[in-house]
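Undergrad: Sharing a structure with you now.
Numbering (our numbering), first residue to last: 108 to 505.
Below is the structure:
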């Protein structure tokens, strides 16, 4: 009897986890089903590029997983019963219920309007391909001199503002941030960021908390009206709500609470990876929602599940940070080096070489999805008979 593994969500983390499990486990002993609504992989870290009219290379899952043993099921996940161990999906065959023995939850996150009035109706977002394509069409229709306002001073907001300003120098691009521009960076990083913004002609509204969005402007907490023919909302991410509707133990943010191996603390047959997981990093700080966090959590979950099924040694490597990579258009970049727990240090790489560095990182992230063991040879292992078709029950010390 084969052990049924279902992975829901095929972003960076879900696709990596599925492919890595296929490399680790013998095909005769397991079935690995990857459920995703779209037939190809979306490079989420490039959505600001897509929004400004750049075309991204297609990456179909059919080619990526050909011959791997991973079965792709094109469907939208609509329900999850972790007590009955079933996933409900809606696809070409209508509604189906899929049973599993082990589940990898990788549904990730979407944009977070944060309850600000008018945001859902009037703002654009680039958390996924549909939103980026809608923004692309809207920007293409703007006349010279019209105002584009990006709200949110994090990595996504900075990248979106600089990409739009570089691609459309005829537009009046602005960025609204709650604090100061680049206040998470080192002095060198902040200085470089301000220089690039000046060069691109981007207006920065600092200490500006947006409290309302209209079709042609936004309003800040101090009553100022900022013109915006297009508002791009990048203030943060909210996780998929599905986990909160189950008996899984979740955090206040809706993330699944996991142990060091990315296994649910309440349901040992469920693993959560990427943005969906509340995973702890160095300094006992939660990992932030990012590709930099997601990839190592996918490795950890896949290796831990494989180890428990085969009687192998559990992985003990704790995810940590090395740098924050920021594209500032196609010609400029910023690599901010950080401590293991993601605090900026003095060192930073800037300029054209930083832009090349960031491009290499983006290409490497996509490559790692198709090469989940990073090109290292692997030997699929047989699973223990006791775990075939059942919840893994290997002791933690294994």
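For glycine and all other residues, C-beta sits at the position ideal for the given N, C-alpha and C.
Would you tell me roughly how many angstroms separate the C-alpha atoms of residue 368 and residue 411, rounded to the nearest one?
TA: The sequence position of residue 368 within the chain shown is 261, counting from 1. The sequence position of residue 411 within the chain shown is 304, counting from 1. Those two C-alpha atoms are separated by around 6 Å.
Undergrad: Please check the pair residue 210 and residue 196, which I expect to be a contact at CB under 8 Å, by giving their CB distance rounded to whole angstroms.
TA: In the chain shown, residue 210 corresponds to position 103, counting from 1. In the chain shown, residue 196 corresponds to position 89, counting from 1. Contact doesn't hold; Cβ gap of about 13 Å is too wide.
Undergrad: Tell me whether residue 429 sits in a helix, a strand or coil according to DSSP, three-state version.
TA: Taking the first residue of the chain shown as position 1, residue 429 is located at position 322. Three-state result, residue 429: coil.
Undergrad: According to DSSP, is residue 218 part of a helix, a strand, or is it coil?
TA: Start at 1 with the first residue of the chain shown, and residue 218 comes out as number 111. Strand at residue 218.
Undergrad: Just verifying my parser: in three-state terms, what is the DSSP assignment at residue 183?
TA: Walking along the chain shown from the start, residue 183 turns up at place 76. Reduced to three states, the DSSP call for residue 183 is strand.
Undergrad: On the three-state DSSP scale, how would you describe residue 206?
TA: As a working note, residue 206 is residue 99 in the chain shown. Residue 206 falls in the strand class under three-state DSSP.
Undergrad: Please return the same chain residues whose Cβ sits closer than 8 Å to the Cβ of residue 163, not counting the five positions on each side in sequence.
TA: What you label residue 163 is simply residue 56 of the chain shown in a count that begins at 1. The answer, listed in chain order, is 150, 153, 156, 157.
Undergrad: Return the first residue and the last residue of the alpha helix (DSSP H) that residue 375 is part of.
TA: Translated into positions along the chain shown, residue 375 becomes position 268. That residue, residue 375, is in no alpha helix (DSSP H); it is neither H nor E in DSSP.
Undergrad: Is residue 474 helix, strand or coil when you go by DSSP?
TA: Locating residue 474 in the chain shown gives position 367, where the first residue counts as 1. Here residue 474 sits in helix by DSSP.
Undergrad: If I follow the unbroken beta strand (DSSP E) through residue 443, where does it start and stop?
TA: In the chain shown, the residue the question calls residue 443 occupies position 336. Counting along the chain, the beta strand (DSSP E) containing residue 443 begins and ends at 440-445.
Undergrad: Determine the burial state of residue 87: buried for a count of at least 16 other Cβ atoms within 10 Å of its Cβ, exposed for fewer.
TA: Shown here, the chain extends from 108 to 505; a query on residue 87 therefore has no answer.
Undergrad: Have a look at residue 134 and residue 244 and give me their C-alpha separation to the nearest angstrom.
TA: Taking the chain shown and counting its residues from 1, the one referred to as residue 134 is at position 27. Taking the chain shown and counting its residues from 1, the one referred to as residue 244 is at position 137. About 44 Å.
Undergrad: How should residue 194 be labelled, buried or exposed, when 16 other C-beta atoms within 10 angstroms of its C-beta is the threshold for buried?
TA: In the chain shown, counting from the first residue as 1, residue 194 sits at position 87. Buried, because 16 or more other Cβ atoms sit within 10 Å of the Cβ of residue 194.
Undergrad: For residue 276, which of helix, strand or coil comes out of DSSP?
TA: Reading the chain shown from its first residue, position 169 is the one you call residue 276. Three-state DSSP puts residue 276 in coil, outside helix and strand.
Undergrad: Please report how far the alpha carbon of residue 428 lies from the alpha carbon of residue 360, in whole angstroms.
TA: Position 321 of the chain shown, counted from the start, is the residue given in the question as residue 428. Position 253 of the chain shown, counted from the start, is the residue given in the question as residue 360. In a straight line, the C-alpha of residue 428 is about 22 Å away from that of residue 360.
Undergrad: Which of helix, strand or coil does DSSP assign to residue 486?
TA: Counted from its first residue, the chain shown places residue 486 at position 379. Reduced to three states, the DSSP call for residue 486 is coil.
Undergrad: What would DSSP say about residue 147, mapped onto helix, strand or coil?
TA: As a working note, residue 147 is residue 40 in the chain shown. Looking at residue 147 - three-state DSSP - the assignment turns out to be strand.
Undergrad: Output the boundary residues of the beta strand (DSSP E) element that contains residue 344.
TA: Looking up residue 344 in the chain shown gives position 237. Taken as a continuous stretch (DSSP letters only), the beta strand (DSSP E) holding residue 344 covers 344-346.
Undergrad: Below 8 Å, how does it come out for the segment 361-381 and the segment 248-263: are there three or more Cβ pairs, yes or no?
TA: No, because fewer than three Cβ pairs between the segment 361-381 and the segment 248-263 fall closer than 8 Å, the two stretches do not touch.
Undergrad: Thinking residue 455 and residue 295 are a contact (beta carbons under 8 Å), I'd like their distance in whole angstroms, please.
TA: Against the chain shown, residue 455 aligns to sequence position 348. Against the chain shown, residue 295 aligns to sequence position 188. The Cβ separation is near 5 Å, so the contact holds.
Undergrad: Given a cut-off of 8 Å, decide if residue 114 and residue 142 are closer than it, judged by their beta-carbon atoms.
TA: For the purposes of this step, residue 142 is identified with residue 35 of the chain shown, where counting begins at 1. For the purposes of this step, residue 114 is identified with residue 7 of the chain shown, where counting begins at 1. Yes, Cβ-Cβ distance for residue 142 and residue 114 is below 8 Å.
Undergrad: Report yes if the CB atom of residue 249 is closer than 8 Å to the CB atom of residue 278, and no otherwise.
TA: Sequence index remark: in the chain shown, residue 249 carries index 142 (1-based). Sequence index remark: in the chain shown, residue 278 carries index 171 (1-based). Contact: yes.
Undergrad: List the DSSP bridge partners of residue 251.
TA: To locate residue 251, count along the chain shown from 1; it is residue 144. Partner(s): none; residue 251 has no beta bridge.
Undergrad: When the Cα atoms are used, what is the spatial distance from residue 298 to residue 120?
TA: On the chain shown, residue 298 is found 191 positions in, with the first residue counted as 1. On the chain shown, residue 120 is found 13 positions in, with the first residue counted as 1. Cα-Cα distance, rounded: 33 Å.
Undergrad: Just verifying my parser: in three-state terms, what is the DSSP assignment at residue 306?
TA: Start at 1 with the first residue of the chain shown, and residue 306 comes out as number 199. It is helical.
Undergrad: Could you tell me the boundaries of the beta strand (DSSP E) in which residue 403 lies?
TA: The sequence position of residue 403 within the chain shown is 296, counting from 1. Per DSSP, residue 403 belongs to no beta strand (DSSP E); it is in the alpha helix (DSSP H), 398-417.
Undergrad: I'd like the span of the beta strand (DSSP E) that includes residue 332, first residue to last.
TA: To locate residue 332, count along the chain shown from 1; it is residue 225. First-last of the beta strand (DSSP E) with residue 332: 332-334.
Undergrad: Taking 8 Å as the cut-off, decide whether the C-beta atoms of residue 148 and residue 117 are in contact.
TA: To locate residue 148, count along the chain shown from 1; it is residue 41. To locate residue 117, count along the chain shown from 1; it is residue 10. Result yes, Cβ atoms of residue 148 and residue 117 sit closer than 8 Å.
Undergrad: Classify residue 266: buried if its beta carbon has 16 or more other beta carbons within 10 angstroms, exposed otherwise.
TA: Residue mapping note: residue 266 aligns to position 159 of the chain shown, counting from 1. Burial call: buried.
Undergrad: Could you pull the DSSP bridge partners for residue 392 from this structure?
TA: What you label residue 392 is simply residue 285 of the chain shown in a count that begins at 1. Looking at the DSSP assignment, residue 392 forms a beta bridge with 388.
Undergrad: Report all residues from its chain with a CB closer than 6 Å to the CB of residue 488; omit the five preceding and five following residues, and keep chain order.
TA: Here residue 488 is taken as the residue at index 381 of the chain shown, counted from 1. Result list for residue 488: 417, in chain order.
Undergrad: Distance, Cα to Cα, residue 282 vs residue 491?
TA: Counting from 1 along the chain shown, the entry for residue 282 is found at position 175. Counting from 1 along the chain shown, the entry for residue 491 is found at position 384. Taking the straight line from one Cα to the other gives about 55 Å.
Undergrad: Have a look at residue 448 and residue 419 and give me their C-alpha separation to the nearest angstrom.
TA: Mapped onto the chain shown, residue 448 falls at position 341. Mapped onto the chain shown, residue 419 falls at position 312. Rounded to the nearest angstrom, the two C-alpha atoms are 29 Å apart.
Undergrad: Can you give me the start and stop residues for the alpha helix (DSSP H) that residue 123 sits inside?
TA: Numbered from 1 along the chain shown, position 16 holds the residue referred to as residue 123. 119-131 is the span of the alpha helix (DSSP H), which, as asked, contains residue 123.
Undergrad: Confirm, please, whether the CB-CB distance from residue 347 to residue 383 is below 8 Å.
TA: Position 276 of the chain shown, counting from 1, holds the residue named residue 383. Position 240 of the chain shown, counting from 1, holds the residue named residue 347. In this structure, residue 347 lies closer than 8 Å to residue 383 by Cβ.
Undergrad: Quick one: what's got a C-beta closer than 7 Å to residue 303's C-beta in the same chain, skipping five residues either side?
TA: Residue mapping note: residue 303 aligns to position 196 of the chain shown, counting from 1. Correct list, in chain order: 269, 435, 439.
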